[in-house]
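Take a look at the structure below.
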Amino acid sequence: MSTSTDSGTTFWKVLGIIAVVLIALAVIGPLLKGLFWIALIALALYGGYMLFRSKSKGNHPTPL
687 MSTSTDSGTT
697 FWKVLGIIAV
707 VLIALAVIGP
717 LLKGLFWIAL
727 IALALYGGYM
737 LFRSKSKGNH
747 PTPL
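According to the numbering used here, the residues represented by the sequence shown are 687 to 750, in order.
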C-alpha cells in the first residue's frame, strides 16, 4: 500500500541520486578531458620514439 509519505520519500531519494550523479560528472568530466590530452601527447611521443628507434637500428623493431 502506497501512501503520500512513501512517494515523497522516494521522490527525494531519486532527486538525491540525480544530484550526486550530476556533481560526480561535473568533477570527473574535466579530469577525463585533461587525461585525454595527456594520453594523446604520450602516445605521440611513444610513436616518435619507436620511429626513431627503428630508423637508428636499421632493422625492424622487435615486438614487445
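For every residue, glycine included, the Cβ atom is placed at its ideal position computed from N, Cα and C. Model, not experiment: these values are computed from the prediction.
Roughly how many angstroms lie between the CA atoms of residue i and residue j, to the nearest whole one?
i           : j           : result
residue 705 : residue 698 : 10 Å
residue 707 : residue 732 : 35 Å
residue 727 : residue 695 : 48 Å
residue 736 : residue 701 : 51 Å
residue 693 : residue 703 : 15 Å
residue 718 : residue 740 : 32 Å
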